[in-house]
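Take the sequence shown: its position 41, counted from the start at 1, is 41 in full-length UniProt numbering, and no numbers get skipped. Beta carbons: idealized from backbone N, C-alpha and C, even for Gly. Reading through the structure tokens given below for one structure.
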Amino acid sequence: MTTSPHEITAARWRKSSYSNLNGGDCVEVADNLPGTVPVRDSKTPHGPALAFGPDAWASFLTAVKGDRLAG
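Right under this line is the structure:
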């Protein structure tokens, strides 16, 4: 998947509802870009962002909610 820097600039970021539950792990996600789900660390908003396809992001969320990720 290719996401241009302009697309990421247009992202409307929101903090994950799971962020900061234990004091500091803050993830932001943008859901206004069709076909791309950008994710970044809210502590470094001008740093890099990861871009996922909607299916990959949905699979990740399912795994997180099901507590199926190894720590």
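Between the CA atoms of residue j and residue i - distance to the nearest angstrom
| i | j | result |
| --- | --- | --- |
| Ser17 | Pro34 | 21 angstroms |
| Pro54 | Lys43 | 24 angstroms |
| Asp31 | Arg68 | 24 angstroms |
| Ala63 | Gly47 | 26 angstroms |
| Ala10 | Gly66 | 31 angstroms |
Whole-angstrom C-beta distance between residue j and residue i, which should lie under 8 angstroms
| i | j | result |
| --- | --- | --- |
| Arg12 | Glu28 | Actually they do not touch by this definition, with Cβ atoms about 10 angstroms apart. |
| Thr36 | Ala58 | Wrong, their Cβ atoms sit about 13 angstroms apart, outside the cutoff. |
CB contact flag (residue i, residue j, <8 angstroms)
| i | j | result |
| --- | --- | --- |
| Pro45 | Ile8 | no |
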